[in-house]
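Encoded as structure tokens, the structure appears first; notes follow it.
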Amino acid sequence: MGTAPTGRVDTIVLIHGLWMTSRSWEHWARRYRALGFRVLTPAWPGMEAEVQALRDDPAPIAGLTLGQIVDHYAALVRELPNPPLIMGHSFGGLVAQVLLDRGLGAATVAIAPAAPRGVVRLPVSTLRSVYPVLRSPGNRHRAVPITPEEFRYAFGNTLTREESDRAWQRYAVPAAGHVLFEGAFANLDARSAATVDNGRDDRAPLLLIAGGEDHVSPPALVKSNANLYRKSRAVTDYQEFPGRSHFTVGERGWEKVADRALDWAVEMATTRSPAIVGEAPRW
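Here it is in structure tokens:
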């Protein structure tokens with residue numbers, strides 16, 4: 025079922041992505057807590073409300089920036105007594121990488137992540153998935169909803185229509201347009217909040233996970249993300265799960281992905297992480 029807590033490695037921070045809330049982690053959080061971990065699923069700033077409330081009034085999402093999101097999680101992690109395991113999905117996977125670059129966490133897992141600055145080419149399926157936001161410059165300052173049909177293409181392409189619609193109903197909320205614009209045009213901004221120092225040797229281990237049928241973050245994109253770190257001597261691993269969509273944290277078979285993420289993170293944190301092995305967390 026997965027690895028139990030060991031020593032100082034006892035806390036997991038789960039970071040959700042665009043068009044989702046912390047509810048998207050409900051299965052993983054339950055599974056990890058059953059093993060004895062302290063699991064934190066904090067929402068992005070302004071996204072603490074329930075799904076239907078955010079659909080009814082997405083104003084708190086409209087002005088959100090990537091920098092605000094990263095700073096929010098950085099402050100939370102720095103308050104913890106021990107370096108946690110950090111896992112992020114989609115844009116949460118990008119946030120997790122920026123936190124890693126700040127020296128935070130004992131090990132990081134980025135699941136179907138949005139890419140940091142430096143990944144130049146976006147696959148056609150990625151562009152199609154984010155088109156509902158990027159099609160209008162005015163969306164930069166709006167919270168943009170996703171229709172069930174758009175959700176099916178971006179998140180639920182390996183699900184039945186009924187399964188995808190149920191997932192949309194339970195999890196989907198409007199997306200913070202500014203955040204997506206920041207990610208899409210990060211390579212044009214030298215001061216982008218999506219920037220990481222990918223040559224650092226003193227960071228904690230990083231695992232990037234891709235789903236074989238993911239339309240938003242297909243394997244080619246996640247592999248390009250992993251290749252950014254090829255100059256670093258720190259641990260960077262890549263794993264691909266065939267046949268899985270961008271909704272990999274919730275679709276059938278999620279347990280296999282969750283267990284692999286946890287087993288890898290605990291092993292790396294206890295054997296390879298500077299924050300644990302060297303007893304010198306930078307915060």
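Take the position in the sequence shown, starting the count at 1, then add 24; the result is the number in this note's numbering.
Note that the Cβ used here is the ideal one computed from N, Cα and C, for glycine as well.
**Request:** Look up residue 183 in the DSSP assignment and say whether it is helix, strand or coil.
**Result:** coil
**Item:** DSSP state of residue 261 mapped onto helix, strand, coil
**Value:** strand
**Message:** Spatial neighbours of residue 185 within its chain, please: C-beta separation below 8 Å, excluding the five flanking residues on both sides.
**Reply:** 176
**Check whether residue 70 and residue 84 have beta carbons under 7 Å apart** = yes
**Message:** Please report the distance separating the alpha-carbon of residue 49 from that of residue 262.
**Reply:** 21 Å
**Prompt:** Whose C-beta lies closer than 8 Å to the C-beta of residue 304 among residues of the same chain, with five residues either side of it excluded?
**Reply:** Low per-residue confidence applies at residue 304: pLDDT is 39, beneath 50, and the placement is therefore not dependable, though the value from the model is reported in the following sentence. Excluding the 5 residues flanking it on each side, residue 304 has same chain C-beta neighbours closer than 8 Å at 298, in chain order.
**Item:** Alpha carbon of residue 225 to alpha carbon of residue 172, nearest angstrom
**Value:** 43 Å
**Asked** Can you give the beta carbon distance from residue 272 to residue 135, rounded, assuming they're within the 8 Å contact cut?
**Response** 7 Å
**Request:** Could you tell me which residues DSSP pairs with residue 62 in its beta bridges?
**Result:** 35
**Asked** Touch check for the stretch 52–59 and the stretch 160–172: three-plus C-beta pairs under 8 Å?
**Response** no
**Prompt:** What's the call for residue 25, buried or exposed, on a 16-neighbour Cβ count within 10 Å?
**Reply:** Residue environment: residue 25 is assigned as exposed (fewer than 16 neighbouring CB atoms within 10 Å of its CB, all protein chains considered).
**Message:** Taking the beta carbon of residue 51 as the centre, do at least 16 other beta carbons fall within 10 Å, making it buried, or is it exposed?
**Reply:** exposed
**Message:** Per DSSP, what are the beta-bridge partners of residue 113 in this structure?
**Reply:** 135
**Length at least 3, wholly inside the stretch 198–244: the beta strand (DSSP E) runs in chain order** = Unbroken beta strand (DSSP E) stretches of 3 residues or longer found wholly inside the stretch 198–244: 230–235, given in chain order.
**Request:** Take the Cβ of residue 277 as the centre, count every other Cβ of all protein chains shown within 10 Å, and call the residue buried at 16 or more, exposed below.
**Result:** exposed
**Item:** Option nearest residue 296 by Cα separation, candidates 154, 132 and 114
**Value:** For residue 296, the closest of 154, 132 and 114 by C-alpha to C-alpha distance is 132.
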